[in-house]
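Okay, so here's the structure we're looking at.
Numbering (full-length UniProt numbering), first residue to last: 1 to 282.
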């Protein structure tokens, strides 16, 4: 098969990573046949994924990185992963937001992508413990000025984590005094047994406060988060109203999630919410 020019490098690497995780390891020659690309292209992709720390190169192929439940990648390390999936999820999740509502966004690269889709939603009050999310709104206001209808952003205090979230007693106290219509929650891992989890104990407690203060909880998580378990669980699946994920989620996982949650949205598929589909009262 000739070199496949239709797959972008990002898409190709996402497929490679999925294959490594699903099978527990792959060989270079298997990937060249599957993807229809050259040996050199596959090796470049493996080098790039190894630099991101998401797989380990071995002789003739690659295997998954076995991470401790306490391992917490930094924001920059996570921001280069599953970019297309995160963008699709962010676009679908933004359609759930009703103008004029009070929403909260936790830390994470998917909520960061979501923030950029919320800039044109009028009259929002945004509570966040993410420095990166707050910066999205503040940067937009610096460029365009404090226009009418611009979001009001409440950034909690706290101690900064590797993922640029603010956590700890200061953040917890601020969040406990607030109430918001909708919480968009990024997660390190999600599973039936462990629920929602994170490697960071302080972040787990802050996320518990976020969940407790929200009328509705929407988890935004790409398919690679399914089956991952961090050190500390902070919510059960019963506390989640909606999961917004991407089309990479396998059929068996979709069936399992649908049994646990009131609503599963797979971004880009026909049951994705329309532009006028909100979660507010009405």
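Heads up, the beta-carbon is just placed ideally off N, CA and C, and yes, glycines get one too.
These figures come from a predicted structure and were not determined experimentally.
Residues that DSSP places opposite residue i in a beta bridge
i: residue 96; result: Answer by DSSP bridge pairing: none, since residue 96 is not bridged.
i: residue 184; result: 105, 218
i: residue 190; result: 196, 226
i: residue 61; result: 27, 58
i: residue 235; result: 196
i: residue 130; result: 165
i: residue 89; result: Bridge partners of residue 89: none, in fact.
i: residue 12; result: According to DSSP, residue 12 bridges with nothing at all.
i: residue 155; result: 128
i: residue 265; result: 244
i: residue 160; result: 166
Exposure label - residue i; buried when at least 16 CB within 10 Å
i: residue 129; result: buried
i: residue 95; result: buried
i: residue 265; result: buried
i: residue 149; result: exposed
i: residue 58; result: exposed
i: residue 283; result: Residue 283 is absent from the structure shown; the chain starts at 1 and stops at 282.
i: residue 14; result: buried
i: residue 197; result: buried
i: residue 181; result: buried
i: residue 223; result: buried
i: residue 251; result: exposed
i: residue 35; result: buried
i: residue 29; result: exposed
i: residue 186; result: buried
i: residue 99; result: exposed
i: residue 199; result: buried
i: residue 22; result: exposed
i: residue 60; result: exposed
i: residue 8; result: exposed
i: residue 39; result: exposed
i: residue 258; result: exposed
i: residue 12; result: buried
i: residue 132; result: buried
i: residue 173; result: exposed
Beta-carbon separation (whole angstroms), residue i vs residue j, contact threshold 8 Å
i: residue 110; j: residue 221; result: 7 Å
i: residue 165; j: residue 203; result: 6 Å
i: residue 237; j: residue 195; result: 5 Å
i: residue 136; j: residue 112; result: 7 Å
i: residue 124; j: residue 10; result: Not really, about 30 Å apart at Cβ, beyond 8 Å.
i: residue 211; j: residue 183; result: 7 Å
i: residue 151; j: residue 126; result: 5 Å
i: residue 215; j: residue 234; result: Wrong, their Cβ atoms sit about 18 Å apart, outside the cutoff.
i: residue 42; j: residue 55; result: With 8 Å as the limit, residue 42 and residue 55 do not qualify as a contact, their Cβ atoms being about 12 Å apart.
i: residue 163; j: residue 107; result: 5 Å
i: residue 244; j: residue 218; result: 6 Å
Beta-carbon contacts of residue i that lie in its chain and below 6 Å, excluding the five residues immediately before and after
i: residue 262; result: 241
i: residue 134; result: 128, 153, 155
i: residue 168; result: 158, 159, 202
i: residue 50; result: 57
i: residue 46; result: 57, 62
i: residue 78; result: Bear in mind that a pLDDT of 49 at residue 78, under 50, signals an unreliable position, so the number given afterwards is only what the model happens to contain. 109.
i: residue 90; result: 113, 114, 117
i: residue 102; result: 125, 180, 181
i: residue 304; result: Residue 304 lies beyond the range of the chain shown here (1 to 282); nothing can be said about it.
i: residue 253; result: 226
Residues of its chain near residue i, where Cβ-Cβ distance is below 7 Å and the 5 sequence neighbours each way are ignored
i: residue 18; result: 248
i: residue 171; result: 129, 156, 157, 158, 206
i: residue 26; result: 19, 20, 61, 62
i: residue 229; result: 69, 189, 191, 194, 197
i: residue 48; result: 13
i: residue 260; result: 192, 237
i: residue 86; result: 109, 110, 113, 222
Cutoff 8 Å; reference residue i; Cβ partners in own chain excluding five residues on either side
i: residue 256; result: 192
i: residue 213; result: 104, 175, 176, 178, 179, 180, 183
i: residue 268; result: 88, 92, 246, 247
i: residue 24; result: 63, 64
Handout entry: At least three beta-carbon pairs within less than 8 Å, the segment 187-200 to the segment 115-132
Key = no
Problem - Sufficient close CB pairs (3 or more, under 8 Å) joining the segment 134-144 to the segment 46-65 - result: no
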